[in-house]
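A.B. asks: Chains as they are written, first to last, in the working numbering: chain A, 1 to 157; chain B, 1 to 126. Built from N, CA and C at the ideal position, the CB exists for glycine as well. All values reported here derive from a predicted model rather than from experimental measurement.
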Amino acid sequence: MKSMVLFEGVLNGDVRVNLLGVLHSVKDPNIRQGELKKLCGVALELLDNAQRYGSGPIAFQWNVHEEGYCIKVVNHASKEDANRLVSAVDEANKLGPEELKAKLMEELTNGKFGDKGGAGLGLLQIVSRTKGKLKATIHHSEETIYRCESTFNLKRA
Amino acid sequence: MNTPIEIPATTQTPLIRIEPATGKFLMQGVCIPEDGPGFFGSIITQYTESIALLNVPGVFRFDLKYFNSSSLKGLYMLLKRIDDLSNDGKDLRVEWVMDKNDEDSAGPADMLSSMIGIPMTLVPEA
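1. What would DSSP say about isoleucine 138(A), mapped onto helix, strand or coil?
2. In angstroms, rounded to a whole number, what distance separates the CA positions of alanine 136(A) and valine 86(A)?
3. In three-state terms, what does DSSP make of leucine 19(A)?
4. Does the beta-carbon of arginine 16(A) have 16 or more other beta-carbons within 10 angstroms, so that it is buried, or is it exposed?
5. Could you give the residue range of the beta strand (DSSP E) that holds phenylalanine 60(B)?
6. Is it the case that the segment 19 to 35 of chain B contacts the segment 50 to 68 of chain B, given that we only count it when at least three CB pairs across the two stretches are under 8 Å?
7. Assuming serine 78(A) is part of the beta strand (DSSP E), what are its boundary residues?
8. Suppose only complete runs of 4+ residues qualify. What are the alpha helix (DSSP H) ranges in the segment 98 to 146 of chain A, listed by chain order?
9. What distance in whole Å lies between the Cβ atoms of arginine 156(A) and glycine 41(A), which are believed to be in contact at a cut-off of 8 Å?
10. Along chain A, in chain order, which residues have C-beta atoms closer than 7 Å to that of aspartate 91(B)?
11. How many angstroms separate the CA atom of aspartate 104(B) from the CA atom of leucine 39(A)?
12. Verify whether the separation of the beta carbon atoms of aspartate 83(B) and isoleucine 118(B) is less than 7 Å.
13. If you draw a straight line from the alpha carbon of threonine 45(B) to that of glutamate 91(A), how long is it in whole angstroms?
14. In chain B, which residues lie with their C-beta within 7 Å of the C-beta of leucine 85(A)?
15. Measuring only the C-alpha atoms, how far is proline 57(A) from histidine 76(A)?
16. When the Cα of cysteine 129(B) is compared with those of Asp48(A), Val127(A), Glu107(A), Lys2(A), which residue comes out closest?
17. Mind checking methionine 4(A): buried by the 16 CB within 10 Å criterion, or exposed?
18. Determine which residues of the segment 21 to 47 of chain B have a Cβ less than 7 Å from any Cβ of chain A, and write them out in chain order.
19. Take the Cβ of leucine 122(B) as the centre, count every other Cβ of all protein chains shown within 10 Å, and call the residue buried at 16 or more, exposed below.
20. Give the single residue among Val73(A), Thr144(A), Cys148(A) whose Cα lies nearest to the Cα of glutamate 45(A).
21. In whole angstroms, give me the CA-to-CA distance for asparagine 93(A) and glutamate 6(B).
22. Output the distance between the C-alpha atoms of arginine 52(A) and glycine 132(A), rounded to the nearest integer angstrom.
23. When the distance is taken between beta carbons, is proline 14(B) closer than 7 Å to glycine 117(A)?
24. Taking 7 Å as the CB-CB limit, is glycine 132(A) close to chain B?
25. In this structure, how does DSSP classify serine 105(B) when only helix, strand and coil are distinguished?
26. Suppose you measure from the CA of proline 124(B) to the CA of cysteine 148(A); what does that come to, to the nearest Å?
27. Would you say glutamine 125(A) reaches chain B, if we count a Cβ-Cβ gap shorter than 7 Å as a contact?
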């Protein structure tokens with residue numbers, strides 16, 4: 001069974017909530033509720049990042065197919081935030097399970113949020129909880145603006 | 001001063017109900033605020049002030065369908081505050097409601113409980 005959700009436009013709190021509502025309502029007998037909740041969690045964290053650090057419209061894609069799941073968010077951000085996204089994803093992907101756990105604990109207990117209200121946990125949680133593949137690429141699109149593409153892939157168990 | 005406090009749920013924030021007379025604190029719903037630091041800063045203040053007024057044991061129930069990572073950090077800070085006040089002599093207990101459709105729903109509770117050292121009772125969803 002296949003399902004796809006596509007959104008293009010300006011992301012705000014209402015859009016985020018409505019998208020999550022649609023994703024939670026996916027009725028696929030091959031996805032357990034717990035699994036669906038995890039996937040929605042991945043989508044939520046990617047959308048949170050796009051809303052927090054991005055500017056202008058975004059593109060969101062949720063794709064469930066026979067082989068697995070793909071969630072992709074494309075947004076625009078400053079050079080600094082775009083580079084930080086790539087660094088954070090690279091770092092999370094390099095960590096082993098114990099290192100990931102230690103890094104999560106460190107971020108969780110540091111008692112502070114980032115300048116834009118982020119907790120520094122989202123990408124770490126995605127990699128830690130899902131064991132899926134997270135990839136981020138950036139492209140210089142305008143003078144000071146970068147196009148960021150965050151893609152999450154997970155094969156069916 | 002013992003007036004109950006109720007902050008209605010929104011599409012992004014949970015219901016907050018504080019009953020100082022009975023010691024019951026409830027956080028229920030989804031927790032994905034756009035401004036996590038602002039939301040939890042306010043909640044921590046409300047909880048702290050209400051705990052100071054308690055003449056009965058406090059029971060803190062967390063019944064959250066889902067929450068984002070920014071809220072996980074906010075929950076950590078809130079539970080840390082509850083634990084600190086408990087260590088100062090207040091009788092405070094924490095209950096965490098498990099989602100019956102999510103086999104991993106006890107995970108965050110176990111993690112927070114072990115990190116902070118605060119006991120949590122896992123409560124099955126009604």
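C.D. replies: Per the coordinate set shown:
1. Note: isoleucine 138(A) maps to strand in three-state DSSP.
2. Those two C-alpha atoms are separated by around 6 Å.
3. In this structure, leucine 19(A) counts as helix in the three-state DSSP scheme.
4. With 16 or more Cβ atoms within 10 Å of its Cβ, arginine 16(A) is classed as buried.
5. Residues 58 to 67.
6. Enough Cβ pairs lie closer than 8 Å, so yes.
7. Note, serine 78(A): beta strand (DSSP E), 68 to 78.
8. Whole alpha helix (DSSP H) segments, 4+ residues: 122 to 130.
9. Going by Cβ atoms, the distance from glycine 41(A) to arginine 156(A) rounds to 17 Å, so no, they are not a contact pair.
10. One finds nothing in chain A with a Cβ atom closer than 7 Å to the Cβ of aspartate 91(B); even the nearest lies about 25 Å away.
11. Between aspartate 104(B) and leucine 39(A), the C-alpha separation is close to 13 Å.
12. Their beta carbons are under 7 Å apart, which means aspartate 83(B) touches isoleucine 118(B) by this criterion.
13. So the two alpha carbons sit approximately 35 Å from each other.
14. Listed by position along chain B, the residues whose Cβ is nearer than 7 Å to that of leucine 85(A) form an empty set, because the closest Cβ is around 15 Å away.
15. For proline 57(A) and histidine 76(A), the distance between alpha carbons rounds to 8 Å.
16. Lying before the first or after the last residue shown, residue 129(B) is absent from chain B, which here runs from 1 to 126.
17. Here methionine 4(A) is exposed. Its C-beta has fewer than 16 other C-beta atoms within 10 Å.
18. Listed in sequence order: Ile32, Glu34, Asp35, Gly36, Pro37.
19. The residue in question, leucine 122(B), is exposed, as its Cβ has fewer than 16 Cβ neighbours within 10 Å.
20. Looking at the Cα atoms, Val73(A) is the closest of the given residues.
21. Asparagine 93(A) and glutamate 6(B) have their C-alpha atoms some 42 Å from each other.
22. Those two C-alpha atoms are separated by around 23 Å.
23. The beta carbons of glycine 117(A) and proline 14(B) sit no closer together than 7 Å.
24. When Cβ-Cβ separations below 7 Å define contact, glycine 132(A) makes no contact with chain B.
25. Three-state DSSP puts serine 105(B) in coil, outside helix and strand.
26. About 41 Å.
27. Judged by the 7 Å Cβ criterion, glutamine 125(A) is in contact with chain B.
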